[in-house]
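S.K.: Provided herewith is a single structure, encoded as structure tokens, for subsequent inquiry.
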Amino acid sequence: MVTTTPALRRLPPGRYRLSGVLRSEWTKIRSVRSTAWCILATVVAGIGVGILATTSQASQWRNSGFIDRTLFDPTSVSLTGLLFGQLAIGVLGGLTISAEYGSGAIRSTLAAVPRRPVVLAAKALVFGIVAFVVSETVSFAAFFIGQAILSGSTPTATLGQPEVLRAVIGGGLFLTFLGLMALGLAAMIRHTAGAITTFVAILLILPLVVSAFPAKYGHPVGRYLPATIGAAMTSTTTEGAHDQFLPAFPFWHGFAVLCVYAVASLVIGGVLMVRRDP
Amino acid sequence: MIEARGLTKRYGSTLAVDGLSFEVKAGQVTGFLGPNGSGKSTTMRMVVGLDRPDGGHVTIEGHRYHDLPWPLREVGALLESKAIHPGRSAYNHLWSLAQTNDIPRRRVDELLELVGLSAVARKRAGKFSLGMTQRLGIAAALLGDPGVLLFDEPINGLDPEGILWVRTLLKRLAAEGRAVFVSSHLMSEMALTADHLVVIGRGKLIADQPVAAFVAKSSRASVRVRTPRPEPLIAALQNAGGQIDAEPDGAIVVSGLGAPAIGDLAAGLGIALHELAPHAASLEDAFMEFTHDSVEFRAEDDIAPSGDVAPSGVTGVTEVTEVTEVTEVRP
Numbered sequence: 001m002v003t004t005t006p007a008l009r010r011l012p013p014g015r016y017r018l019s020g021v022l023r024s025e026w027t028k029i030r031s032v033r034s035t036a037w038c039i040l041a042t043v044v045a046g047i048g049v050g051i052l053a054t055t056s057q058a059s060q061w062r063n064s065g066f067i068d069r070t071l072f073d074p075t076s077v078s079l080t081g082l083l084f085g086q087l088a089i090g091v092l093g094g095l096t097i098s099a100e101y102g103s104g105a106i107r108s109t110l111a112a113v114p115r116r117p118v119v120l121a122a123k124a125l126v127f128g129i130v131a132f133v134v135s136e137t138v139s140f141a142a143f144f145i146g147q148a149i150l151s152g153s154t155p156t157a158t159l160g161q162p163e164v165l166r167a168v169i170g171g172g173l174f175l176t177f178l179g180l181m182a183l184g185l186a187a188m189i190r191h192t193a194g195a196i197t198t199f200v201a202i203l204l205i206l207p208l209v210v211s212a213f214p215a216k217y218g219h220p221v222g223r224y225l226p227a228t229i230g231a232a233m234t235s236t237t238t239e240g241a242h243d244q245f246l247p248a249f250p251f252w253h254g255f256a257v258l259c260v261y262a263v264a265s266l267v268i269g270g271v272l273m274v275r276r277d278p
Numbered sequence: 279m280i281e282a283r284g285l286t287k288r289y290g291s292t293l294a295v296d297g298l299s300f301e302v303k304a305g306q307v308t309g310f311l312g313p314n315g316s317g318k319s320t321t322m323r324m325v326v327g328l329d330r331p332d333g334g335h336v337t338i339e340g341h342r343y344h345d346l347p348w349p350l351r352e353v354g355a356l357l358e359s360k361a362i363h364p365g366r367s368a369y370n371h372l373w374s375l376a377q378t379n380d381i382p383r384r385r386v387d388e389l390l391e392l393v394g395l396s397a398v399a400r401k402r403a404g405k406f407s408l409g410m411t412q413r414l415g416i417a418a419a420l421l422g423d424p425g426v427l428l429f430d431e432p433i434n435g436l437d438p439e440g441i442l443w444v445r446t447l448l449k450r451l452a453a454e455g456r457a458v459f460v461s462s463h464l465m466s467e468m469a470l471t472a473d474h475l476v477v478i479g480r481g482k483l484i485a486d487q488p489v490a491a492f493v494a495k496s497s498r499a500s501v502r503v504r505t506p507r508p509e510p511l512i513a514a515l516q517n518a519g520g521q522i523d524a525e526p527d528g529a530i531v532v533s534g535l536g537a538p539a540i541g542d543l544a545a546g547l548g549i550a551l552h553e554l555a556p557h558a559a560s561l562e563d564a565f566m567e568f569t570h571d572s573v574e575f576r577a578e579d580d581i582a583p584s585g586d587v588a589p590s591g592v593t594g595v596t597e598v599t600e601v602t603e604v605t606e607v608r609p
């Protein structure tokens, strides 16, 4: 039964590189079912909820008042589903690393690639590209489907109108960077359940807490919430977060804050990875 | 070669590894022996850079693991059977590891063949039995064809055929010129595979010497005898200079006399023997002798002491433990 392994070979020149680790992470993300499930959930939530929201708007338009009509943003309504898809993409981002900690596979990974920041960087890049492609696809699909549903009942948007293309692309960017933030959180927390709970708390619980503040404090704090940033990034107006009656940062400002969150979370996660024994 | 110098690892107030220094040389199997919880796994994780030592250092061919240009091509490690994502197939697990160190894809197929997992290569590793998982871990260790190999309890969960396979594999790898470092809490296993021993207890080095030298320090060879008429035999054996220990299942363990002498004696008396089994390796006896001084060590030891090394010549009840499989029945 024993076969001789080939004689010791000479080592190739150089050393292991990020490119190999990227290929490895690509193999990994493709080879577990949870990836497919998370992507499916992102698509179903992003497009499905968009269909529900636009259908409902189309049927209510006849009875809606002046203020509702003035504030109506067909782009934002068609992208409503992204705010649900963000949960699924966050789970995928978190699982990218927490599943390895949970199973012990992280030890195989880090024995093969002892420079831990390289591992985290490769995971972030591979997940980031997957998340970007999925999120942008979902965002554009939700937009076109939503406009088709609204058409004939309400005003509709086209990509050529001011800020519309930005909002549709912004929806995909928002999901991608939010997913990267979840990946960083999972690198810090190292448990799937804990990481997902934290992520959900930041997205859904924190806004409830902030809304309980007096406006004097609530408004300045609320602008920094990922949920507020997401609402603003998917609307064509700066007051896109009107649903929550909270002032929001303009698109690029909000996106910059989101990038800071993602980068900070990955950097802290990376530092903790280096300092702690897996 | 692995070289550890003053390795120390602390978990809270516990010293898991305490100033450990040893070498693992190429071309031989070095057994890493100690009870569960004695710091073997922690030491192995420090060798491959997973756990950061609180003191001392360990190098591979003079380099820190972190600085190795191609870690998997230089060191292979079976650390624990559970270092695998349960949802990923055996093939993809190995292939994703291979990619990090530019190891060609055909090597994955070769190794799946070598460890006998080709047929289930596309199945999810979470569905594997303990033995299959262990084989997959061994395949991962051999992936980069490394000159230094670490195996932490490689025979855990393997069936007898698998155990034999691992023993042969370890010896073969050493014969090919590799440094092979194998941990076990089973002294019998080390007696069969290792050339050299590094023995630890409570994180401290107890012995670092060839197996033969380690065993030679303990003179406690024995023979297990079973007979329907124990009383006359025991009397005769004691007359002939043998020391007798009774085992709870009725067997008697004789030290100080060889199996041929015991057999002749019984034949002379017309006493039938149902078992006459020389205790082939007395490694565990040697181990217990070495660690005997440390009472707290024994209290925590989850391998109960086997051949009772305490007062000799006293008839007493010896605990039957998992290490008794060392016994070989010879015709």
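Residue numbers (my numbering), protein chains in the order written: chain A, 1 to 278; chain B, 279 to 609. The beta carbon of each residue, even a glycine, is placed where N, CA and C say it ideally should be.
Can you tell which of A/F127, A/T156, A/S265, A/V119 has its C-alpha closest to the C-alpha of A/R69?
M.R.: Checked all of A/F127, A/T156, A/S265, A/V119; the closest Cα to A/R69 is A/T156.
S.K.: Go ahead and label B/S461 buried or exposed: buried means 16 or more other beta carbons lie within 10 angstroms of its beta carbon, across all protein chains shown.
M.R.: By the neighbour-count rule (16 or more Cβ atoms within 10 Å), B/S461 is buried.
S.K.: Quick one: list the residues of chain B neighbouring A/V21, beta-carbon separation under 7 Å, in chain order.
M.R.: Those are T378, listed as they occur along chain B.
S.K.: Any residues in the stretch 447 to 481 of chain B with a beta carbon nearer than 9 Å to a beta carbon of chain A? Which ones, in chain order?
M.R.: Answer set for the stretch 447 to 481 of chain B: L447, R450, L451, E454, G455, R456.
S.K.: For A/L165, which of A/G184, A/S139, A/W37, A/A201 has the nearest alpha-carbon?
M.R.: The residue with the shortest Cα to Cα distance from A/L165 is A/S139.
S.K.: Check the DSSP bridge columns for B/A485 and list the partner residues they point to.
M.R.: For B/A485, which the question treats as bridged, DSSP gives the partners B/V477.
S.K.: Buried or exposed for A/Y16, going by 16 or more other Cβ atoms inside 10 Å?
M.R.: The residue in question, A/Y16, is buried, as its Cβ has 16 or more Cβ neighbours within 10 Å.
S.K.: Using a Cβ-Cβ cut-off of less than 7 Å, give me the residues of the stretch 284 to 302 of chain B that come near chain A, in sequence order.
M.R.: Going along the stretch 284 to 302 of chain B in chain order, one finds no residue with a Cβ nearer than 7 Å to chain A.
S.K.: If we cut at 9 Å on Cβ distances, does A/V2 have a partner in chain B?
M.R.: Caution is warranted here: a pLDDT of 42 is assigned to A/V2, below 50, making its placement in the model unreliable, and the coordinate value is therefore given only provisionally. Yes, because at least one Cβ of chain B sits closer than 9 Å to the Cβ of A/V2.
S.K.: Does the beta carbon of B/L357 sit closer than 9 Å to a beta carbon anywhere in chain A?
M.R.: Interface residue, yes.
S.K.: Distance check for B/F459 and B/I478, CA to CA, integer angstroms please.
M.R.: Roughly 14 Å separates the two Cα atoms.
S.K.: Of all the CB atoms in chain B, is at least one closer than 9 Å to the CB of A/V32?
M.R.: Closer than 9 Å: yes.
S.K.: Touching or not, the stretch 98 to 114 of chain A and the stretch 340 to 358 of chain B, by the rule of three or more beta carbon pairs under 8 Å?
M.R.: Because the criterion of three Cβ pairs below 8 Å is met, the stretch 98 to 114 of chain A and the stretch 340 to 358 of chain B touch.
S.K.: If distances are taken between C-alpha atoms only, which option among B/A397, B/R502, B/V325 comes closest to B/A368?
M.R.: Looking at the Cα atoms, B/A397 is the closest of the given residues.
S.K.: If you measure beta-carbon to beta-carbon, which residues of the stretch 262 to 274 of chain A are closer than 8 Å to chain B?
M.R.: Under the 8 Å Cβ criterion, the stretch 262 to 274 of chain A contributes no residue.
S.K.: So which of A/V271, A/A195, A/L225 has the shortest CA-CA distance to A/P247?
M.R.: Taking only the C-alpha atoms, the option nearest A/P247 is A/L225.
S.K.: So A/T27 contacts chain B; which residues on that side make the cut at Cβ distance below 8 Å?
M.R.: Those within 8 Å of A/T27 in chain B are N370, W373, S374, Q377.
S.K.: Taking A/V113 as the query, report the chain D residues whose CB atoms sit under 7 Å from its CB, ordered along the chain.
M.R.: The structure shown has no chain D; the protein chains it does contain are A and B.
S.K.: What are the boundary residues of the alpha helix (DSSP H) that includes B/D281?
M.R.: The residue asked about is misnamed: residue 281 of chain B is Glu in this sequence, not Asp. Not the alpha helix (DSSP H): B/E281 falls in the beta strand (DSSP E), residues 280 to 289.
S.K.: When the cut-off is 9 Å and only beta carbons count, does A/P278 lie next to chain B?
M.R.: Interface residue, yes.
S.K.: For A/T137, which of helix, strand or coil comes out of DSSP?
M.R.: It is helical.
S.K.: Pick out the complete alpha helix (DSSP H) segments inside the stretch 130 to 174 of chain A, 4 residues or longer, and give them in chain order.
M.R.: Those alpha helix (DSSP H) runs which fall completely within the stretch 130 to 174 of chain A and span 4+ residues do not exist here.
S.K.: Take every Cβ of the stretch 179 to 196 of chain A, pair it with every Cβ of the stretch 90 to 101 of chain A, and state whether three or more of those distances are shorter than 8 Å.
M.R.: Result yes; three or more Cβ-Cβ pairs closer than 8 Å.
S.K.: Answer yes or no: does any C-beta atom of chain B fall closer than 9 Å to that of A/T109?
M.R.: Yes, A/T109 lies at the interface with chain B (some Cβ there is under 9 Å from its Cβ).
S.K.: Return the first residue and the last residue of the beta strand (DSSP E) that B/F459 is part of.
M.R.: Counting along the chain, the beta strand (DSSP E) containing B/F459 begins and ends at 457 to 462.
S.K.: Rounded to a whole number of angstroms, what is the C-alpha to C-alpha distance between A/G20 and B/Q377?
M.R.: If I take the Cα positions, the gap works out to 5 Å.
S.K.: Three or more beta-carbon pairs under 8 Å between the stretch 292 to 302 of chain B and the stretch 122 to 129 of chain A, yes or no?
M.R.: Because the criterion of three Cβ pairs below 8 Å is not met, the stretch 292 to 302 of chain B and the stretch 122 to 129 of chain A do not touch.
S.K.: To the nearest angstrom, how far is the alpha carbon of B/T286 from that of B/H335?
M.R.: Near 8 Å, if we compare the C-alpha coordinates of B/H335 and B/T286.
S.K.: Under DSSP, the alpha helix (DSSP H) around A/V285 begins and ends at which residues?
M.R.: Residue 285 of chain A cannot be examined here, being either before or after the span of chain A that is shown, 1 to 278.
S.K.: Let me see if you follow: with CB-CB separation under 9 Å, is B/I338 close to chain A or not?
M.R.: By this cut-off, B/I338 is not an interface position.
S.K.: Going by DSSP, what residue range makes up the alpha helix (DSSP H) through B/P349?
M.R.: From DSSP, the alpha helix (DSSP H) with B/P349 extends over 349 to 352.
S.K.: Quick one: grab the DSSP three-state call for A/R62.
M.R.: DSSP places A/R62 in helix when its eight states are reduced to three.
S.K.: Does the beta carbon of B/S367 sit closer than 9 Å to a beta carbon anywhere in chain A?
M.R.: Yes, contact with chain A.
S.K.: Quick one: give me the first and last residue of the beta strand (DSSP E) that B/S316 is part of.
M.R.: Segment: none, B/S316 is in no beta strand (DSSP E) and carries neither H nor E.
S.K.: Quick one: residues in its chain with C-beta nearer than 8 Å to the C-beta of B/S572, no 5 flanking neighbours on either side, listed in chain order?
M.R.: Reliability fails at B/S572, whose pLDDT of 44 lies under 50, so the model's placement of it is uncertain and no value is given.
S.K.: Straight-line CA distance for B/K449 to B/V307?
M.R.: Those two C-alpha atoms are separated by around 7 Å.
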